[in-house]
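Visitor: Residue numbers for the sequence shown, in the working numbering: 19 to 531. Each residue gets a CB set at the ideal place from its N, CA and C atoms; glycine is no exception.
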Amino acid sequence: MDVTTAMRRAAVFFADREAVVHGNDRLTFAQAWERGCRLANGLLGLGLKPGDRVAVLEGNSMEAADFFLGAGIANLVRVPLYPRNSADAHLDMVEHTGCRALVVAGNHAHEVADFKHRLASLEHLMVRDQSYEPWLAAQSPIDPMLKISPEDNYIIRHTGGTTGRSKGVAFTHRAWLACGRDWFYNYPPVEPGDRCLHLGPISHGSGYLFVPIWVWGGCNVMLDRFEASAAVELMERERIGYLFAVPTMVNAMNHEPTVRRRDWSKLKCMLIAAAPISETTALTAREIFGESCLYQGYGQTEALLLSFMGPRQWFTEVEGSNPLRSCGLVMPWADLEIWDEQNRPLPLGQPGQIVARVDGQMTGFWNDPEGTRERMVDGWVLTGDIGMIDRNGYLYLLDRAADMIISGGFNIWPMELENAIATHPAVMEVAVFGIPDPRWGETPCAVVVPKSDRTIDAAEVVQLCAEQLGSYKKPGRVVVREEPLPKTPVGKIKRRELREPFWAGHARRVAGS
19 MDVTTAMRRA AVFFADREAV VHGNDRLTFA QAWERGCRLA NGLLGLGLKP
69 GDRVAVLEGN SMEAADFFLG AGIANLVRVP LYPRNSADAH LDMVEHTGCR
119 ALVVAGNHAH EVADFKHRLA SLEHLMVRDQ SYEPWLAAQS PIDPMLKISP
169 EDNYIIRHTG GTTGRSKGVA FTHRAWLACG RDWFYNYPPV EPGDRCLHLG
219 PISHGSGYLF VPIWVWGGCN VMLDRFEASA AVELMERERI GYLFAVPTMV
269 NAMNHEPTVR RRDWSKLKCM LIAAAPISET TALTAREIFG ESCLYQGYGQ
319 TEALLLSFMG PRQWFTEVEG SNPLRSCGLV MPWADLEIWD EQNRPLPLGQ
369 PGQIVARVDG QMTGFWNDPE GTRERMVDGW VLTGDIGMID RNGYLYLLDR
419 AADMIISGGF NIWPMELENA IATHPAVMEV AVFGIPDPRW GETPCAVVVP
469 KSDRTIDAAE VVQLCAEQLG SYKKPGRVVV REEPLPKTPV GKIKRRELRE
519 PFWAGHARRV AGS
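#1: Hey, quick one: how far does the beta strand (DSSP E) through threonine 190 stretch, first residue to last?
#2: Tell me where the beta strand (DSSP E) around asparagine 238 begins and ends.
#3: Beta strand (DSSP E) containing asparagine 59: first to last residue?
#4: Between the beta-carbon of asparagine 171 and the beta-carbon of alanine 188, is there less than 8 angstroms?
#5: May I have a chain-ordered list of the alpha helix (DSSP H) segments no shorter than 4 residues that lie completely inside the region 69–100?
#6: DSSP has valine 121 in a bridge; who is on the other side?
#7: According to DSSP, simplified to helix, strand and coil, what is valine 30?
#8: How would you label glycine 380, buried or exposed, when you count the other beta carbons within 10 angstroms and need 16 or more for buried?
#9: Taking the CB atoms as reference points, tell me whether valine 121 and arginine 146 lie closer together than 8 angstroms.
#10: If you drop the 5 nearest sequence neighbours on each side, which residues of the same chain put their C-beta closer than 8 angstroms to that of aspartate 110?
#11: I need the DSSP call for glutamate 10, collapsed to helix, strand or coil.
#12: Just verifying my parser: in three-state terms, what is the DSSP assignment at alanine 425?
#13: Given this structure, state the Cα-to-Cα distance separating leucine 64 from phenylalanine 86, to the nearest angstrom.
#14: My assumption, with CB atoms under 8 angstroms, is that valine 74 sits in contact with isoleucine 174. Please give the rounded CB distance.
#15: Restricting to Cα atoms, I'd like to know which of Thr461, Arg26 and Val376 is closest to proline 162.
#16: Count the other CB atoms, across all protein chains shown, that sit within 10 Å of the CB of threonine 266; report buried if there are 16 or more and exposed otherwise.
#17: Go to asparagine 534, then tell me how far its beta strand (DSSP E) extends in each direction, as first and last residue.
#18: Can you look up glutamine 371 in the DSSP assignment and give me helix, strand or coil?
#19: Express the C-alpha separation of leucine 99 and histidine 126 in angstroms, rounding to a whole number.
#20: Using DSSP with H/G/I as helix, E/B as strand and the rest coil, what is histidine 128?
#21: Between alanine 438 and the rest of its own chain, which residues show a CB-CB distance below 7 angstroms, the 5 nearest in sequence each way excluded?
#22: Measure the alpha-carbon distance for proline 462 versus aspartate 421 and round it to whole angstroms.
#23: Identify whether valine 250 lies in helix, strand or coil by the three-state DSSP scheme.
#24: Distance, Cα to Cα, glycine 179 vs threonine 506?
#25: Need the endpoints of the beta strand (DSSP E) that proline 454 sits in, please.
#26: Assuming the contact rule is C-beta atoms closer than 8 angstroms, valine 264 and alanine 292 should be a hit. Round their C-beta distance to whole Å, please.
#27: Report the option in Ile295, Gly223 and Val466 whose CA atom is closest to the CA atom of glutamine 318.
#28: Which word fits isoleucine 160, buried or exposed, when buried means at least 16 other C-beta atoms lie within 10 angstroms of its C-beta?
#29: I'd like the span of the beta strand (DSSP E) that includes tyrosine 316, first residue to last.
#30: To the nearest angstrom, how far is it from the Cα of aspartate 396 to the Cα of asparagine 410?
#31: Examine the Cβ distances between the region 21–35 and the region 229–243 and report whether three or more of them are shorter than 8 angstroms.
#32: Specify the secondary structure class of threonine 299 as computed by DSSP and reduced to three states.
#33: Less than 6 angstroms between C-beta atoms, sequence neighbours within five positions excluded: which residues of the same chain meet that for phenylalanine 202?
#34: Can you tell which of Asn269, Arg192 and Glu209 has its C-alpha closest to the C-alpha of threonine 441?
Below is the structure:
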């Protein structure tokens, strides 16, 4: 089975049902599929061939749905660019994937205006401005019905972050369908007419939900950009059943003034992923949105899905486990192990690097054999995350290996401190990272944002950590700031951006005592 065949069948079965909503734009399955066919024929008419890579720079919109469908119908490989990235990052992604065409929303056209002159491989730059709709209407609405193999590449997603060189991860049609299957395996069943809200762009993590919702006759509802008050209003008005949210979004919605007065009876599944969630944020969301709708999953662009849990596994007591601190149970069809520094499996309960083999994993980085060798060993993907599996199968994400703080010879994981500090009733957001210390080599620094009506005493934060985690893990410095913490395009807090000023003048981002 390939993605396009599955989506084509749904377009027939659910032709008159609503399929795509963005603002005032509402499309049935038949209308959305026809627009996708027109775009596919238009792209093929440019001389593009199945298997060619086509980059796209856009936010959520009806036109984004056109491209999601049209690229698949034409058997072209989507290469999403991330709107918040720099022009140089866009250029690098387009260049190293060898894209022959770039489709760009009108509001981003200035960022890529000179790309055709800078890249010999880039033959076509399509700007979706006021000329787009007339151009689309002039294309054939006939489905080209191209032959597609499950092993054909479907999409190339890039590893996260807004700095440094991102690596391209190609998914075949088979792998993309496996990702969707695994995400939805433990969810309440999707029924025709169910509605899924995309708070973030469908080019990012939220896009994993687009196909599974479509193939079961659900409707994909898209929001331009996340803003808590607009999100909760739309969730209630559109009677949303499913959505994907990163923890920072959930935290913001928890504190939206009207959220506790709204009707959440239609909400089946709020998937929380892409970054760890604090106990406080999770428990508050459960109180607001309901006891049966919160789900958490863990994986990476390079390998999905690795662990998962629903509310019955998350908000419970299990002897020998701490589900609230975990990122779910190991998925039944994921090979998941914890390895030491010599790539040897460790016993349950021992921390080390999380490694995985799963149907929805990469075969390697695009055109990067050296990077592939660094991240893959005998078919296993090295995640770069440090974790532990307990005797009940719960996986605990301790932190990124690169973010570990070594203070006086002790290993300290920032996430431990962040979870502790988040329990303070006045804390809205927190990030912890290592900074130089003349005595200990490094010491934890906590940057804390208070709630709008509260104040935070730095000494209280230090004492809280000492009491919960021990004196040697307490932050050596606490910074209280009013403005929100910087975040990546998918809402992850940028620890490294916060950390950099403290390391000015140091040759390395580690220090010895």
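Guide: According to the data block:
#1: 186–190
#2: 237–240
#3: From DSSP, asparagine 59 is part of no beta strand (DSSP E) but of the alpha helix (DSSP H) over 47–63.
#4: yes
#5: 80–91
#6: Val74 and Met144
#7: helix
#8: Residue identity check: residue 380 is methionine in the sequence provided, not glycine. Its Cβ being crowded by 16 or more others within 10 Å, methionine 380 is buried.
#9: yes
#10: Arg183 and Ser184
#11: Beyond the ends of the chain as shown, which are 19 and 531, falls residue 10; an answer cannot be given.
#12: Here residue 425 turns out to be serine, not alanine, going by the sequence shown. The answer is strand: DSSP assigns serine 425 an E or B state.
#13: 18 angstroms
#14: Not confirmed; about 11 angstroms, so no contact.
#15: Arg26
#16: buried
#17: The chain is shown from 19 up to 531; residue 534 falls before or after that span and cannot be answered.
#18: strand
#19: 11 angstroms
#20: helix
#21: Leu482, Cys483, Gln486 and Leu487
#22: 11 angstroms
#23: helix
#24: Any answer about glycine 179 is weak, because its pLDDT of 43 lies below 50 and its placement is not dependable; what the coordinates show is given next. About 6 angstroms.
#25: 445–455
#26: 5 angstroms
#27: Gly223
#28: exposed
#29: 312–318
#30: 27 angstroms
#31: yes
#32: helix
#33: Pro230
#34: Asn269
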